[in-house]
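Residue numbers (this note's numbering): 16 to 315.
One structure below.
Set out below in structure tokens:
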């Protein structure tokens, strides 16, 4: 490998390695910051969504209590109050079944001994269905739908739910008992609605990351070209006098002591040229002395 090639490679390594390391570090930190921001935002959205569902369930409980009190006040004296009749009361149905967010809804379940039965639901086909069989298929759902533990106002949690078309969706649910009744309000919401703003946020972080990569690639390419040109020019400037001195040394070794040394620099290359000049002068003097001795011996 020639000295010119070595110099070019050294320059490229010295210049491009730090640039590459800086770019990799910059990209790593941008990615890390965006991931951290997304994680924190997801947690914030999760808490916000949970709080919204919890508040909605609490509001429905209060509304249902007022409706039940109103119905009882107008209930005929001596007539037995039947909880099942509430299913057909329009005011009660409106109070119990509401939309939660854009994709969620609320309903009611009734606890009968160890059974938990759907009391009201947006889908009429599910009203009156015993939810116990779901316990075997969906333990997360069954754990949440149970009555809250002593000291807790409600139970809540996430569970996977199989949609009619067969795909699985993650949902969040709050189950809040209506005081002094066998009824519990159920409010549920799809987690994809809670995390929907993350898509826009990901796009917001992705845009500057793409711009950084593009700018880094363009800057790196431009820097590589500039460094390559500078390295070649420097290598040529440094290698030319060395090549010239090599040629001079070869000619001197062949006896051409008068070959000119066309280097006048004051650096190490100039010192080498001066050394070759002194060597030329010494060789010429040595040859002249040998010639004179030879002539004397022959009597000239």
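C-beta: ideal position from N, C-alpha, C; glycine also.
Practice item. Could you tell me whether the Cβ atoms of residue 287 and residue 260 are closer together than 9 Å? Key: Here residue 287 corresponds to residue number 272 of the chain shown, with the count starting at 1. Here residue 260 corresponds to residue number 245 of the chain shown, with the count starting at 1. For residue 287 and residue 260, yes; Cβs fall inside 9 Å.
**Study point:** Distance, residue 302 Cα to residue 309 Cα
**Key:** One-based indexing of the chain shown puts residue 309 at position 294. One-based indexing of the chain shown puts residue 302 at position 287. Each residue's Cα considered, the two are about 10 Å apart.
**Study point:** Beta-carbon proximity list for residue 76, same chain, < 7 Å, skipping 5 on both sides
**Key:** In the chain shown, counting from the first residue as 1, residue 76 sits at position 61. Only 191, 193, 200 meet the Cβ criterion.
Check your understanding: For residue 160, does the count of other Cβ atoms within 10 angstroms reach 16, so buried, or fall short, so exposed?
Key -> For the purposes of this step, residue 160 is identified with residue 145 of the chain shown, where counting begins at 1. So residue 160 counts as buried.
Practice item. List the endpoints of the continuous alpha helix (DSSP H) containing residue 209. Key: Along the chain shown, one-based indexing puts residue 209 at 194. Segment 206 to 209, the alpha helix (DSSP H) holding residue 209.
Review point. Considering only the beta carbon of each residue, do residue 68 and residue 119 sit closer than 9 Å?
Key: Counting from 1 along the chain shown, the entry for residue 68 is found at position 53. Counting from 1 along the chain shown, the entry for residue 119 is found at position 104. Taking 9 Å as the Cβ cut-off, residue 68 and residue 119 qualify as a contacting pair.
Exercise for review: Give me the Cα-Cα distance between residue 46 and residue 234, rounded to the nearest whole angstrom.
Suggested key: Within the chain shown, the letter at position 31 stands for residue 46. Within the chain shown, the letter at position 219 stands for residue 234. Cα to Cα, residue 46 sits roughly 20 Å from residue 234.
Review point. Under the rule that 16 or more other beta-carbon atoms within 10 Å means buried, what is residue 278, buried or exposed?
Key: Taking the chain shown and counting its residues from 1, one reaches residue 278 at position 263. Its Cβ being crowded by 16 or more others within 10 Å, residue 278 is buried.
Point to revise | Closest by C-alpha distance to residue 72, when choosing among 115, 264, 244, 149 | key: As a position in the chain shown, residue 72 is number 57, starting the count at 1. Closest option to residue 72, Cα to Cα, is 115.
Check your understanding: If we ignore side chains and look at the alpha-carbon of each, how far apart do residue 175 and residue 186 end up?
Key -> Sequence index remark: in the chain shown, residue 175 carries index 160 (1-based). Sequence index remark: in the chain shown, residue 186 carries index 171 (1-based). Distance between the alpha carbons of residue 175 and residue 186 is about 6 Å.
**Study point:** Nearest to residue 172 (by Cα), restricted to the options 55, 198, 155, 274
**Key:** On the chain shown, position 157 is the one that residue 172 refers to. Selected option, being the one with the closest Cα: 155.
Exercise for review: Measure the Cβ-Cβ separation of residue 217 and residue 106 and say whether it is below 9 Å.
Suggested key: The residue you call residue 217 lines up with position 202 of the chain shown. The residue you call residue 106 lines up with position 91 of the chain shown. No, they are not a contact pair.
**Study point:** Beta-carbon proximity check, residue 263 vs residue 276, cutoff 9 Å
**Key:** Sequence index remark: in the chain shown, residue 263 carries index 248 (1-based). Sequence index remark: in the chain shown, residue 276 carries index 261 (1-based). Against a cut-off of 9 Å, the Cβ pair of residue 276 and residue 263 comes out as a contact.
Exercise for review: Could you check how far apart the C-beta atoms of residue 204 and residue 64 are, in whole angstroms? I think they sit under 8 Å.
Suggested key: Walking along the chain shown from the start, residue 204 turns up at place 189. Walking along the chain shown from the start, residue 64 turns up at place 49. Confirmed, Cβ separation roughly 6 Å.
Exercise for review: Within its chain, find whatever has a CB closer than 7 Å to the CB of residue 149; leave out the 5 residues flanking it on each side and keep chain order.
Suggested key: Here the question's residue 149 lines up with position 134 in the chain shown. Result list for residue 149: 156, 157, in chain order.
Exercise for review: Say whether chain D places a C-beta atom closer than 9 Å to the C-beta of residue 171.
Suggested key: Judged by its chain identifiers, the structure shown contains no chain D, having just a single protein chain.
Check your understanding: So what's residue 183 in DSSP terms, helix, strand or just coil?
Key -> In the chain shown, counting from the first residue as 1, residue 183 sits at position 168. Strand.
Review point. The beta strand (DSSP E) spanning residue 119 covers which residue range?
Key: Against the chain shown, residue 119 aligns to sequence position 104. Segment 119 to 127, the beta strand (DSSP E) holding residue 119.
Exercise for review: Give me the Cα-Cα distance between residue 39 and residue 223, rounded to the nearest whole angstrom.
Suggested key: Position 24 of the chain shown, counted from the first residue, corresponds to residue 39. Position 208 of the chain shown, counted from the first residue, corresponds to residue 223. The alpha-carbon atoms of residue 39 and residue 223 are separated by roughly 15 Å.
Review point. Are residue 27 and residue 249 close, meaning C-beta to C-beta below 9 Å?
Key: Within the chain shown, numbered from 1, the residue matching residue 27 stands at position 12. Within the chain shown, numbered from 1, the residue matching residue 249 stands at position 234. Contact: no.
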